[in-house]
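Colleague: Handing you this structure, nothing more for now.
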Amino acid sequence: MKKLAEVLKDWEAVIGLEVHTELTTLDTKMFCNCKLSHDDPPNTNVCPVCLGMPGALPVPNRKAIQYIVMAGLATNCQIQRRSMFYRKHYFYPDMAKNFQTTQGPVAICMHGHLDLAVSGEGASERPAWETLAGDGETPIEREKDGSYVAPIRILRIHMEEDAAKMVHVGGEEGRITAATESLIDYNRCGTPLIELVTEPDLRTPEEARLFMEKLQQTFKTLGISDCSLESGSMRCDGNVSLRRRGETKLGTKTEMKNINSFKSLHDALEYEICRQAEVLEEGGIVYQETRHWEPSRHRTVVMRVKETADDYRLFPDPDLAPFDLTDDFIEEARAKIPELPDAKRDRYVADFGLKRADAAQLAGDPSTAETFEKSVALAPDKAAKTVAKVMVNLVPAYKALAPAQIASISALLDEDAITFSQAKDVLEAVDGTDRDPAAVVDERGMRQVSDTGALEPIVDEVLARCTDQVQQYHDGNKKVVGYLVGQCMKASKGTGNPKLFNKLLRQKLEA
Ligand SMILES: [Zn+2]
């Protein structure tokens with residue numbers, strides 16, 4: 078198969094996502110009072126409603142409706158005052174009612190959008206000469222480094238319920254094929270679920286990955302779900318079709334299932350784009366089908382030929398009255414929305430002078446952002462940039478650090494008392510304890526000598542000894558200072574401050 082970059086020269090990939098998110102932070106299920114917990118013994122959180130017993134009547138979860146309204150407002154959707162629940166019929170043991178309660182043509186949230194900042198290596202997946210966003214109208218402007226912002230439209234977010242969890246025993250990778258038996262846990266059945274459907278505005282696997290990441294950050298910040306791809310509380314299907322460059326008609330799409338990481342989403346789409354290109358270039362036909370991503374074999378395989386909407390016999394649920402959301406209800410939801418990652422990122426750039434990429438990384442995850450802000454509050458003034466540097470580069474390796482420890486190590490770095498690599502050792506020592514990094518630095522005698530008077534004799538000695546390098550410097554090789562700093566560090570047995578050595582060396586060499 079051809080590589081992605083080569084395929085995208087001739088073909089345009091048209092990608093859309095369907096993202097299911099369980100509202101895991103709620104206490105109860107969507108239409109009954111059963112406890113929402115997947116950790117309890119199987120089939121213990123069940124009742125006549127979620128088991129679909131005849132005559133049992135559903136009652137919608139008010140807070141779940143509030144959460145989906147928050148999700149819609151945070152993704153710039155129009156909140157529909159009136160919408161309804163529908164029945165989507167199918168026969169499978171994971172839904173005892175034989176239909177899933179979902180929404181029809183009008184969802185609670187319609188027509189939103191998110192802007193994606195695509196940068197770094199991922200930005201090069203989209204050919205540089207392509208100038209229009211996925212909507213085919215909005216121009217995309219490239220920065221000098223190739224980064225760009227892609228607006229992605231959201232068609233809708235609707236409310237529905239999750240099905241039971243099935244475990245296939247004995248099959249390969251937990252699949253039903255070749256399984257000897259299947260087990261069902263109805264605890265998950267009836268879990269409030271929101272499904273977000275994008276317009277087909279994504280053009281590269283990287284854009285799809287970034288969209289998913291941004292959505293996860295947004296929903297996590299709202300506090301409506303734990304958004305775990307691994308455990309399946311957030312699930313993503315990717316649709317992709319190809320068309321020749323310049324063509325406006327959409328090609329036949331396939332749908333990718335079993336995507337449980339950001340990397341899988343990227344790799345599955347990349348594989349599928351290359352596979353479809355090969356089929357089409359050989360004169361073959363792409364069939365509308367659902368395909369299963371096999372990460373271990375790095376390929377997609379056919380699961381089933383796609384059903385059409387008609388097969389589901391979708392009709393309004395007679396047991397559930399239409400919704401009329403009031404302005405008060407919507408405003409109440411709006412008031413519950415905290416500062417979202419984009420706004421937080423911009424604030425970090427404005428208030429602390431952080432690099433945009435660092436600010437985005439810190440603002441993306443609510444608990445990381447909280448730790449960062451607490452650490453900045455405890456650190457000396459002006460140390461915010463150092464705190465950010467520590468958080469981005471060191472903290473991910475040492476997860477159990479308290480804000481006070483991060484503030485302390487940042488202060489030490491800020492006053493050049495220790496080097497970055499020493500900071501690493503210190504953090505490793507205090508990680509998961511309540512020890513103060515400053516105490517460890519003193520205990521180990523790590524504190525660097527930043528006293529010019531004490532370092533000058535060392536600099537003089539090194540300059541007198543390294544006559545070759547001094548000559549090289551005067552011949553124009555300024556980089557040789559690095560070598561001389563190393564000699565000074567060695568002579569001081571690592572106790573001297575390298576920045577100060579550098580400064581003194583340059584002063585003396587230029588004198
Ligand atoms: Zn129930």
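Taken in order, the sequence shown gives residues 78 to 588; the numbers are from the numbering used here.
C-beta: ideal position from N, C-alpha, C; glycine also.
So, helix, strand or coil for Ile414, using DSSP?
Modeller: Along the sequence shown, one-based indexing puts residue 414 at 337. Note: Ile414 maps to coil in three-state DSSP.
Colleague: Where do the N-terminal and C-terminal ends of the beta strand (DSSP E) with Cys313 fall, by residue?
Modeller: Counting from 1 along the sequence shown, the entry for residue 313 is found at position 236. It spans 311-321 - the beta strand (DSSP E) in which Cys313 sits, taken as one unbroken run.
Colleague: Please list, in chain order, all residues of the same chain as Pro514 whose beta carbon is under 6 Å from its beta carbon, the five residues on each side excluded.
Modeller: On the sequence shown, position 437 is the one that residue 514 refers to. Excluding residues within five positions, the ones whose Cβ falls inside 6 Å are Gln482, Ser485, Ile486, Val503, Val507.
Colleague: Starting from Ala354 and walking both ways along the alpha helix (DSSP H), at which residues does that stretch end?
Modeller: The count along the sequence shown starts at 1 and reaches residue 354 at position 277. Element bounds for Ala354: 339-358.
Colleague: Which whole runs of the alpha helix (DSSP H) in the segment 441-516 are 4 residues long or more, in chain order?
Modeller: Segments of the alpha helix (DSSP H) lying fully in the segment 441-516: 443-455, 461-470, 480-491, 497-507.
Colleague: By Cβ distance below 7 Å, which residues in the same chain neighbour Val84 in space, the five residues on each side in sequence not counted?
Modeller: One-based indexing of the sequence shown puts residue 84 at position 7. Ile350, Cys351, Ala354.
Colleague: Provide the residue span of the beta strand (DSSP E) that contains Phe162, from first to last.
Modeller: In the sequence shown, counting from the first residue as 1, residue 162 sits at position 85. Taken as a continuous stretch (DSSP letters only), the beta strand (DSSP E) holding Phe162 covers 162-166.
Colleague: Considering Cα atoms alone, identify which of His97, Ala541, Asp87 is closest to Glu238.
Modeller: Counting from 1 along the sequence shown, the entry for residue 238 is found at position 161. The candidate whose alpha carbon is nearest that of Glu238 is His97.
Colleague: Okay, do the segment 171-181 and the segment 299-313 touch, 3+ Cβ pairs below 8 Å being the bar?
Modeller: Contact between the segment 171-181 and the segment 299-313 is absent, because fewer than three Cβ pairs lie under 8 Å.
Colleague: Pull up the DSSP beta-bridge partners for Ser196, would you.
Modeller: As a working note, residue 196 is residue 119 in the sequence shown. Per DSSP, none; premise fails for Ser196.
Colleague: Using only Cβ atoms and a threshold of 5 Å, which residues come within that distance of a heavy atom of ligand 1? Order them by chain position.
Modeller: Spelled out in chain order, the answer is Cys109, Cys111, Cys124, Val126, Cys127.
Colleague: Exposed or buried, what is Thr281 when buried is set at 16 or more other beta-carbons lying within 10 Å of its beta-carbon?
Modeller: Taking the sequence shown and counting its residues from 1, the one referred to as residue 281 is at position 204. Answer is buried; the Cβ neighbour count reaches 16.
Colleague: Does the structure place the segment 561-579 close enough to the segment 535-551 that three or more beta carbon pairs sit under 8 Å?
Modeller: As far as the Cβ criterion goes, the segment 535-551 touches the segment 561-579, which means the pair count is three or higher.
Colleague: Under DSSP, the beta strand (DSSP E) around Leu232 begins and ends at which residues?
Modeller: To locate residue 232, count along the sequence shown from 1; it is residue 155. That run of the beta strand (DSSP E) goes 225-238.
Colleague: Kindly indicate the opening and closing residues of the beta strand (DSSP E) around Leu397.
Modeller: Along the sequence shown, read from residue 1 onward, the residue named residue 397 stands at position 320. Per DSSP, Leu397 belongs to no beta strand (DSSP E) and is neither H nor E.
Colleague: Enumerate in chain order the residues of its own chain whose CB-to-CB distance from Asp519 is below 6 Å, with the five nearest sequence positions on each side excluded.
Modeller: Walking along the sequence shown from the start, residue 519 turns up at place 442. For Asp519, where only same-chain residues beyond five positions count, there are no Cβ hits under 6 Å.
Colleague: Am I right that Lys165 and Tyr389 are in contact with their C-beta atoms under 8 Å? What's the rounded C-beta distance?
Modeller: Within the sequence shown, the letter at position 88 stands for residue 165. Within the sequence shown, the letter at position 312 stands for residue 389. 5 Å between Cβ atoms; contact.
Colleague: For Gly559, name the three-state secondary structure that DSSP assigns.
Modeller: Translated into the one-based positions of the sequence shown, residue 559 becomes position 482. Looking at Gly559 - three-state DSSP - the assignment turns out to be helix.
Colleague: Distance, Cα to Cα, Asp599 vs Phe162?
Modeller: What the structure shows of the chain is the stretch from 78 to 588, and residue 599 is not part of that stretch, so it cannot be assessed.
Colleague: Between which two residues does the alpha helix (DSSP H) containing Ile142 stretch?
Modeller: Here residue 142 is taken as the residue at index 65 of the sequence shown, counted from 1. First-last of the alpha helix (DSSP H) with Ile142: 139-151.
Colleague: Return the Cβ separation of Val363 and Thr329 in integer angstroms, given the expectation that the two are a contact with Cβ distance under 8 Å.
Modeller: Here residue 363 is taken as the residue at index 286 of the sequence shown, counted from 1. Here residue 329 is taken as the residue at index 252 of the sequence shown, counted from 1. About 5 Å separates the two Cβ atoms, so the contact holds.
Colleague: Whole angstroms is fine: what's the gap from Ala479's alpha carbon to Asp428's?
Modeller: As a first step, residue 479 is located in the sequence shown; it is residue number 402 there, counting from the start. As a first step, residue 428 is located in the sequence shown; it is residue number 351 there, counting from the start. Their backbone Cα atoms lie some 23 Å apart in a straight line.
Colleague: Buried or exposed for Phe108, please, with buried defined as at least 16 other CB atoms from any protein chain shown within 10 angstroms of its CB.
Modeller: Walking along the sequence shown from the start, residue 108 turns up at place 31. Buried, because 16 or more other Cβ atoms sit within 10 Å of the Cβ of Phe108.
Colleague: Nearest to Asp545 by alpha carbon, out of Leu532, Leu561, Ser305?
Modeller: Indexing the sequence shown from 1 puts residue 545 at position 468. Ranking Leu532, Leu561, Ser305 by Cα distance to Asp545 puts Leu561 first.
Colleague: Counting only the same chain and skipping the five closest in sequence on each side, list residues whose C-beta sits under 7 Å from that of Glu347.
Modeller: Position 270 of the sequence shown, counting from 1, holds the residue named residue 347. Leu81, Pro282.
Colleague: Could you check the C-alpha separation between Lys112 and Pro118 for me, to the nearest Å?
Modeller: Mapped onto the sequence shown, residue 112 falls at position 35. Mapped onto the sequence shown, residue 118 falls at position 41. Their Cα atoms are separated by approximately 12 Å.
Colleague: Pick helix, strand or coil for Leu270, following the three-state DSSP scheme.
Modeller: Counting from 1 along the sequence shown, the entry for residue 270 is found at position 193. Strand.
Colleague: Which residue's Cα is closest to the Cα of Ser589: Gln584, Met187, Lys221, Leu327?
Modeller: Since the displayed the chain opens at 78 and closes at 588, residue 589 lies outside it and no answer follows.
Colleague: Do the CB positions of Asn264 and Glu307 come within less than 8 Å of each other?
Modeller: Translated into the one-based positions of the sequence shown, residue 264 becomes position 187. Translated into the one-based positions of the sequence shown, residue 307 becomes position 230. No, these two residues do not count as a Cβ contact at 8 Å.
Colleague: Enumerate in chain order the residues of its own chain whose CB-to-CB distance from Asn316 is below 6 Å, with the five nearest sequence positions on each side excluded.
Modeller: The residue given as residue 316 occupies position 239 in the sequence shown. Excluding residues within five positions, the ones whose Cβ falls inside 6 Å are Gly93, Lys330, Glu332.
Colleague: Buried or exposed: Val356, going by 16 or more other Cβ atoms within 10 Å of its Cβ?
Modeller: Counting from 1 along the sequence shown, the entry for residue 356 is found at position 279. So Val356 ends up on the exposed side.
Colleague: Let me check one thing: in DSSP terms, what residues is Arg159 bridge-paired to?
Modeller: Start at 1 with the first residue of the sequence shown, and residue 159 comes out as number 82. DSSP, once it has assigned bridges, lists Asp401 as partnering Arg159.
Colleague: Below 8 Å, can you find three or more Cβ-Cβ pairs linking the segment 224-235 to the segment 124-135?
Modeller: With a cut-off of 8 Å, the segment 124-135 and the segment 224-235 do not count as touching, because too few Cβ pairs lie within range.
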